[in-house]
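In our numbering, the protein residues as written are 619 to 783. Below: one structure, written as structure tokens.
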């Protein structure tokens, strides 16, 4: 009986530890009954943009660069798009709980960015496709744009209609 209880407790302990570890990478969600291959045109709408106008422009440019690769073109200003595109971004600080504290007792911390690109139905504004990435950031201004471009490229590599090379 003790062995069984110890086994159950170790499984619960491992599950708790795994739940605390941050997950980095890309996730793609497609709404039930949606065929992303039917989307041919898009228009941008405001989401939760970066408060930094330079970063905002870099994210929009990176997404605009990837959209033709998944079969989407920008809708004419007077035309009705098949899908609306927006993005949401945030920056947080993760703490490495497994590391040893420094001489001041602090654990290592590092900036992490979350970028979510959402495709929405123009009529209902419901999300039909969502791409999300969470990854550590290099916040040096000279390296930030390259990091944004790499993150967006990684996200769109998993877009449902992306052709395998």
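For each residue, glycine too, the CB sits at the ideal point set by N, CA and C.
With a minimum length of 3 residues, the unbroken runs of beta strand (DSSP E) contained wholly in the region 720-758 fall at 727-738 and 745-754. DSSP, reduced to helix, strand and coil, places residue 653 outside both helices and strands of the structure shown, so it counts as coil.
For residue 754, the closest alpha carbon among the candidates 695, 748, 714 and 725 is that of 714. Note on geometry: alpha-carbon atoms of residue 670 and residue 749 lie some 21 Å from one another. Beta-bridge annotation (DSSP): residue 672 is not paired with any residue. Nearest to residue 763 by C-alpha distance, out of 778, 641 and 731, is 731. Between residue 652 and residue 774, the C-beta spacing is not below 8 Å.
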